[in-house]
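Following: one structure in structure tokens, then a few remarks.
In the working numbering, the protein residues as written are 170 to 522.
Structural data, given as structure tokens:
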């Protein structure tokens, strides 16, 4: 497998003419059209390496899970890159337009869907195939670069499972997590802070408590960022970081006033789904209702299928205790339409109050 840099002049030609050539990303199955647009070979060979395959995109696996798997695959196979090389837009644009051109087209449904409008298409191509919004934003939005950098920041060669941190962060809502942890707050620049965040996540994982990015993770990381304005986080150890986050998240779960009000100007994913596609306000509200998970502190309406009896169950949190009523505990992390079997009865979750 050969890796290529995109020539600077080719990169400039493509980015400056996307308004006219964006449709090629949707109609052309291979990248031969680049030679015509760029007036010659747009690439320069960088390095030849052993072949490797990215995680396959199929109907049985969500795009988020594919991207999560590729964080491991890409970093493991490209770990030889220096930081300077890994910050170079020409490298990632070269990969996105050569060896991974087909993958990106399938990843973003360019092979099956045509964009709603030119503005949306150009914006998405810039961020997925190139860099947009500056180098730091580009590193965590370019489809291949972000996988390498997330892999790099979570990889620990001293661990039996070198990607344990990434496994704890989890594949669900991975785009939002990448934005909140690695880009918006840049906590990944300090491994102690990142380790503390991962420890906090692991605490709730062991308690079988589902954390949601917008409701729990994002405001707690904003709180941590705000604390960093008055306390030098670099002076704290990872256990202290973890304790701060755990306390704040438990406060949110119990309905206490926690964290701080912060205008998150760098939230790149607020109006995007997990795949990075822009969605309307109506679609966003529908998706939110469909994807809402049961968390501690909520009431849910369930129906016993065998008797058609309706019940309201409080999925409560008992302070200083992990004792949660068995049925309530089983409902944690469920969504509307899920069924739970308990003591010989089947409970259908019909509404999250």
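No residue lacks a Cβ here, since even glycine has one placed at the ideal position from N, Cα and C.
**Request:** Check residue 366 in the structure and name its three-state DSSP category.
**Result:** helix
**Request:** Name, in chain order, the residues that DSSP records as bridge partners for residue 514.
**Result:** 511
**Prompt:** CB-CB under 8 Å to residue 193, same chain, minus the five flanking residues each way: which ones, in chain order?
**Reply:** 202 and 206
**Message:** Let me check you understand the geometry: is the CB of residue 322 closer than 6 Å to at least one non-hydrogen atom of the ligand MG?
**Reply:** With respect to the ligand MG, the structure shown offers nothing to examine, as it has no ligands at all.
**Request:** Kindly list the residues whose CB is nearer than 8 Å to the CB of residue 178, restricted to its own chain and excluding five residues on each side of it in sequence; keep chain order.
**Result:** 207
**Prompt:** Where does residue 429 fall in DSSP's three states?
**Reply:** With a pLDDT of 46 at residue 429, under the threshold of 50, the modelled position of this residue cannot be trusted, and the question is left open.
**Message:** I need the straight-line Cα distance from residue 187 to residue 213, nearest angstrom please.
**Reply:** 21 Å
**Asked** Secondary structure at residue 170, three-state DSSP: helix, strand or coil?
**Response** coil
**Message:** Do residue 357 and residue 328 count as a contact pair if the criterion is CB distance below 7 Å?
**Reply:** no
**Message:** Let me make sure I understand the geometry here. Which of 504, 417 and 474 has the alpha-carbon closest to that of residue 510?
**Reply:** 474
**Asked** By DSSP, does residue 470 sit in helix, in strand, or in coil?
**Response** strand
**Asked** Contact between the segment 304-311 and the segment 253-264: three or more CB pairs below 8 Å?
**Response** yes
**Request:** Check residue 401 in the structure and name its three-state DSSP category.
**Result:** coil
**Prompt:** Does the segment 354-370 come within contact of the segment 408-420, defined as at least 3 CB pairs closer than 8 Å?
**Reply:** yes
**Request:** For residue 204, count neighbouring Cβ atoms within 10 angstroms of its own Cβ and tell me buried if that reaches 16, exposed if not.
**Result:** exposed
**Where residue 189 falls, given that 16 or more other Cβ within 10 Å makes a residue buried** = exposed
**Asked** So, are the CB atoms of residue 369 and residue 421 less than 7 Å apart?
**Response** no
**Asked** Using the beta-carbon count (16 or more within 10 Å), is residue 288 buried or exposed?
**Response** exposed
**Asked** CB-CB under 7 Å to residue 479, same chain, minus the five flanking residues each way: which ones, in chain order?
**Response** 470 and 472
**Prompt:** So, using beta-carbon positions, are residue 273 and residue 228 closer together than 7 Å?
**Reply:** no
**Message:** Please classify residue 392 as buried or exposed, where buried requires at least 16 neighbouring CB atoms within 10 angstroms.
**Reply:** buried
**Integer-rounded CB distance, given that residue 350 should sit under 8 Å from residue 390** = 7 Å
**Message:** Rounding to the nearest angstrom, what Cα-Cα distance links residue 438 and residue 195 in this structure?
**Reply:** Because residue 438 sits at a pLDDT of 45, beneath the cut-off of 50, its placement in the model cannot be relied upon, and the point is left open.
**Message:** Using only the alpha-carbon positions, how far apart do residue 234 and residue 377 sit?
**Reply:** 20 Å
**Prompt:** What is the rounded straight-line gap between the Cα of residue 268 and the Cα of residue 354?
**Reply:** 31 Å
**Request:** State the DSSP-derived secondary structure class of residue 522, mapped to helix, strand or coil.
**Result:** coil
**Message:** By alpha-carbon positions, which one of 231, 375, 352 and 314 ends up nearest to residue 250?
**Reply:** 314
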